Every structure is written in C-alpha cells, then in structure tokens.
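One structure is given here, and the rest of the page talks about it.
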Amino acid sequence: MDDKDKRKILIIDDEKSILESIKILLKFEGYDIFTAESVNYAKKLIGENSFSLIITDVKMPESSGIDFLKYFKVERADLNSKYIPVILMTAYSDVKTGIEAVKAGAYDYIPKPFDNEEFKLIIKRALDYFSVYEELSSLKAARPAAGGIIGESNAVRNVLNEIPRVSLSSGTVLITGESGTGKELAARLIHEIYSKNLSGRTDIPFVPVNLAAIPENLVESELFGYLRGAFTGAEKDKMGMIKYADGGVLFLDEIGDLPLQVQVKLLRVLQEKVYRKLGSNKEESVMIKIIAATNKDLEKLISEGKFREDLYYRLNAVNIRMPSLREHKEDISALASYFIKKFSKNINSISPQALAVLMNYSYSGNVRELENIVERACIYCGGDSASGGTKEIGAECLPDYVFRENKIERKAAPYAAEKENGTGSSAAGGGDYLSKIAGIFDAINRERGLSLPDFIKNIERSIAAGRADKENSRVEAARSLGLSLRSLRYILSKNNNKNER
Ligand SMILES: Nc1ncnc2c1ncn2[C@@H]1O[C@H](COP(=O)(O)OP(=O)(O)OP(=O)(O)O)[C@@H](O)[C@H]1O
Ligand SMILES: [Mg+2]
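Put into structure tokens, the structure is as follows:
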C-alpha cells in the first residue's frame, strides 16, 4: 500500500511509554500512526491531517480526553467529526467514564491495561465503521449515470469508456457477463449512442429477442419470419424480428441458446446482411446492428459442439464484458442509493449499518439481486406509502438471508444495529421459538411473579454468561452474540439475582 493511502490514526496520551507501546503494537498493521502528548497538540494535528480514527486517554494533566472528544465532535464539525470514530482509553475500574464518553459521542472505550488482540480488533471495527462513512460520502458525490449505468469504479468506468467506441458503427457487439450484471442496460446504451450518431434521432428500432424464451422450433420463424403456407399452420405471411429491426438494432439476448441449425443462418446475416424468410427462396437484405448477449461460456459450448466456432468469432470480434458485482463492490453504495430513489419517495438514505451489510453480502444475482433487496427493503420499511414509514433503510429492513450469508456479516450486522438503536436483533424470525418462550414466561410469571423486563434481563445475562464461558475470549463471545464488547461487559455486570422473587 502506498503511504498516502494508509489510514491515519491519532493516539493521544500524556504518557510517552503508552504512545510508544501502541505504536509498536500497530506498526505491522499498515496504519499511519500520529501521536500527541497533550490535547492541545492533538487539536493542532487534527487541523493538519485527516484522521480515520482517534484514540485518546481520558485522564491527562491539562485537559481530559472527554474534553477533547466534546471539542472534536462539536467544535470541529467542519472536519466531519461526526463520522470519525473516537475511542477512549479509561482506567480499568472506571467503567462509568467509559459510558459517559459513549454518550458524548465516543465510538467505544477500552479499559487500560488492554489485551493487544482486543485492542487491534476494536481498531479494525472502528475503521470498518469509518469506511462505511466514506462510502456514504462518495455516494453523495456520485455523478449522474450514463444510460442508467451506475458506477464510479474502474470496472464500470472501463465499460462506459468502451461503449461509445463500439456504438459508432453497425458492427456486431457481444456482451458477456453473469446474470444481472446489466448486459441489457449496456445494449440499450449502445443503441442510444448508435442511433444518435446515425441519424441524430433516438427513435430507430431497438428490438430485443430473448432466445431462451422462445421454443427451439419457433426460433427460426420468429427471427426470419415466413411466407403463407411455409408450414402447416402458416396461414399468412409473418414478418420476422430481423425485419422489425431493419435500420436499427437487433438485441439477441441469451445467444448461447440459439439452436445450431439457426446459427448458420444468423452467420449469413452477420456476414452478408441478407436473410431468407421461411418458405421463400428470395434473399432480402437488411441494415441492422446486432448486439448479442450471454451469461454462458460460449467457448465451452463450442467444445461441447453446441455453438459454432465461426459464429462465435464473428460475434466476439467486439466484446464488452460486464463485471460481476464482486468486482465493483465499491459501487454498492451508489447503486443502493439509486435504487432507493427509484423505488421510494419517502426514503432518502440508508444507514451505515445497513450499507455495511449490503457491502459484505456476496451477490450471486449481481446488481439485479441488489436491486431486489433494496426494493424489498423500501417496501418493508414502509417507505413506499404516503403514510410515512422510516426515512432511512436500516439493517432491520433487510432480508434475513443477507445476514446469514457468511459468518462475518451475520455477526457484524446485529452488532451494528445494536450500536445504532439499542436493539441487537436483526429480525423477528419465525414465530415458533417465540411462542415457546412466551409459554415459559407465562409459567414463571404465574409461579414467581417475575416481570417481563426482569425475565428478559435474566435470559440476556444467562446467554451472555454461557457464551463468555464457552468462547476463548470475551471479544469472541461478544462477536458471536452480535454485541459490542462494551454491551457484553455491561450485561455481565448486571446482577440478575435481585430480579427474581
Ligand atoms: N450498473 C448498473 N446501474 C444501474 N442499474 C443496473 C446496473 N447493472 C444492472 N442494473 C439493473 O439490474 C437489473 C438487471 O440488469 P440487466 O437486465 O441489464 O442484466 P442482464 O445482465 O441482462 O441480466 P440477465 O443475464 O439475467 O439477463 C436491471 O433492473 C438493471 O437496470
Ligand atoms: Mg438480460
């Protein structure tokens, strides 16, 4: 990594030895560490550098870490300090100060002396949090999309740079890419540019044909048309799609599904710009630009004898490859915000937590899948109705499976949600276990008069304690429960015995 790309972290502590030991601890983690022995010096440094994270001691001679925190969050709003995490280092016994700090806007607190691994993990989490803010701010700056294709990543830019070049002539274009990557969107943009260039108009035909959707025996007549009596049932002449597209663009979607016997005829259209209707012995000429698309591996189809090599080379002379969403995750925030605008009038943003979940999810259906998730979230959050609903898509609006996808995400999301709203649960889940729990509560409530809040507290504590015993460290226990370390400690510190009568 280039030095200028390194995350800058500021550590504030009046004890030189602490600054040194943190520096050594973080030396190999690839951060750019700045240190300040006083709050005053720290105030100077924050004006000169943009930090991704600040870690400060609480007790210092002239001015405390809490004072710095308040100054930073309130008086330096110009530095977007709201989004820059500040972690406080407190004395081990001083949990109260830690809680006060969090209330004053600290991201977290860590008691001294700390466990090195725990310290690194907290830093990593805080920086992940900061990255989401960066995503959100880059999203605001996102430029309008060309032809509805959103993306500022290199992967998408490359495609957008290629498109004009292949749109100026009537030459054939093959668009490849996984399902949902925007192949049709790209085809439509090519059509738009081609027609403007051709005639200054945009109304030349764009005729999409989904070859996967047409029964194999009908493909030929759909494409080429037929004369009356060409076959039984052909009661009158029919114009084929190729003729409809004359003077414009024929978009052959799912070209990998084109039956072999039709492939040779298509090749003739590509090479000679002529075709023959079924039942006719007269060749007709057409002026069309053909754009073909596929999510299949045509070379593999060739090796299996299902696709003609000559047609492939003819089609593939100009190829646009649409990147999978895995290759441009950095566009997820801009895409999400674009889809929010598309699907909801009320909702106007997405929470950093929900965005973090979306960014961690692995999309088999690419942009289309992301679009569906956002659409569902807009409906789920009530943002599509005029009656209000939330203004923001929070993690709780997202479907369960995006959390379940892999370990990290499932843990990250409820943790994040807990930070934001004080609720750790990502979803209500099935009713089955809920009714069982309700039954248990009813019994205990009747027998011992235990109140609902105490019942919940007891369950929380019992689960937390059990997990803390089982896992190797409290950090892991907290992660596995989807809690911050701070919350886990808090839960464990609560005395549950007094709650039961
Ligand atoms: N970069 C993008 N910006 C905005 N919307 C996009 C982008 N890529 C895809 N989409 C949207 O995702 C959906 C799927 O796109 P499209 O139909 O073009 O994909 P495809 O590659 O043709 O998929 P398939 O192979 O399944 O036919 C559409 O609603 C499209 O508008
Ligand atoms: Mg498509």
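For the sequence shown, position 23 (counting from the first letter as 1) is numbered 23 according to this note's numbering, and the numbering increases by one without interruption.
All C-beta atoms, glycine included, are put in the ideal place defined by N, C-alpha and C.
Small disclaimer: the values here were computed from a predicted structure and weren't measured.
Length of the line joining the Cα atoms of residue i and residue j
| i | j | result |
| --- | --- | --- |
| serine 170 | leucine 227 | 28 angstroms |
| lysine 273 | leucine 266 | 9 angstroms |
| proline 323 | serine 50 | 33 angstroms |
| alanine 428 | glutamate 29 | With a pLDDT of 37 at alanine 428, under the threshold of 50, the modelled position of that residue is not reliable, and no figure is offered here. |
| glutamate 117 | phenylalanine 251 | 56 angstroms |
| lysine 470 | leucine 19 | 34 angstroms |
| glycine 279 | phenylalanine 231 | 8 angstroms |
| lysine 329 | tyrosine 401 | 18 angstroms |
| isoleucine 393 | glutamate 371 | 14 angstroms |
| asparagine 561 | leucine 174 | With the chain running from 1 to 501 in the structure shown, residue 561 is simply not present. |
| cysteine 381 | arginine 314 | 49 angstroms |
| leucine 485 | asparagine 346 | 35 angstroms |
| leucine 483 | isoleucine 444 | 27 angstroms |
| arginine 461 | glutamate 327 | 42 angstroms |
For residue i, the three-state DSSP class (helix, strand or coil)
| i | result |
| --- | --- |
| serine 349 | strand |
| serine 179 | coil |
| threonine 97 | helix |
| proline 453 | helix |
| asparagine 49 | coil |
| asparagine 40 | helix |
| asparagine 158 | helix |
| arginine 228 | coil |
| valine 262 | helix |
| valine 58 | coil |
| isoleucine 84 | coil |
| proline 111 | strand |
| serine 63 | coil |
| valine 102 | helix |
| asparagine 116 | helix |
| leucine 278 | strand |
| glutamate 254 | coil |
Rounded distance between the beta-carbons of residue j and residue i, thought under 8 angstroms
| i | j | result |
| --- | --- | --- |
| alanine 336 | leucine 311 | Their Cβ separation, rounded to whole angstroms, is 39 angstroms, which puts alanine 336 and leucine 311 out of contact at 8 angstroms. |
| valine 264 | tyrosine 275 | Incorrect: roughly 12 angstroms between the Cβ atoms, too far for contact. |
| alanine 186 | isoleucine 149 | 7 angstroms |
| leucine 168 | asparagine 197 | 5 angstroms |
| alanine 507 | glycine 182 | The question about residue 507 has no answer, for the chain in this structure spans 1 to 501. |
| proline 507 | phenylalanine 130 | This structure cannot speak to residue 507, because the chain is shown only from 1 to 501. |
| leucine 325 | valine 357 | The pair is not a contact, with the Cβ atoms about 14 angstroms apart (cut-off 8 angstroms). |
| aspartate 348 | threonine 176 | Here the sequence assigns asparagine to residue 348, which means aspartate is not the residue at that position. In fact, because the Cβ distance is near 36 angstroms, the residues do not count as touching under 8 angstroms. |
| threonine 172 | leucine 270 | 6 angstroms |
Proximity below 7 angstroms, CB of residue i to CB of residue j
| i | j | result |
| --- | --- | --- |
| valine 262 | glutamate 309 | no |
| valine 207 | tyrosine 244 | yes |
| isoleucine 54 | leucine 26 | no |
| tyrosine 109 | leucine 88 | yes |
| isoleucine 340 | alanine 292 | no |
| alanine 478 | leucine 492 | no |
| asparagine 366 | glycine 180 | yes |
| phenylalanine 68 | valine 102 | no |
| methionine 60 | aspartate 14 | yes |
| valine 249 | lysine 300 | no |
| threonine 56 | isoleucine 99 | no |
| valine 475 | leucine 260 | no |
| glycine 225 | lysine 277 | yes |
| serine 64 | arginine 7 | no |
| aspartate 331 | serine 153 | yes |
| alanine 91 | tyrosine 107 | no |
Counted within 10 angstroms of its Cβ, other Cβ atoms place residue i as buried (16 or more) or exposed
| i | result |
| --- | --- |
| isoleucine 190 | buried |
| tyrosine 361 | buried |
| proline 111 | buried |
| valine 74 | exposed |
| proline 113 | exposed |
| glutamate 192 | buried |
| leucine 218 | exposed |
| glycine 449 | exposed |
| proline 352 | buried |
| serine 451 | exposed |
| glutamate 62 | exposed |
| alanine 468 | buried |
| glutamate 48 | exposed |
| glycine 229 | exposed |
Q. Within the structure, which residues are defined as neighbours of ligand 4 by a Cβ-heavy atom distance below 7 angstroms, reported in chain order?
A. Ligand 4 is not part of the structure shown, which contains ligand 1 and ligand 2 as its ligands.
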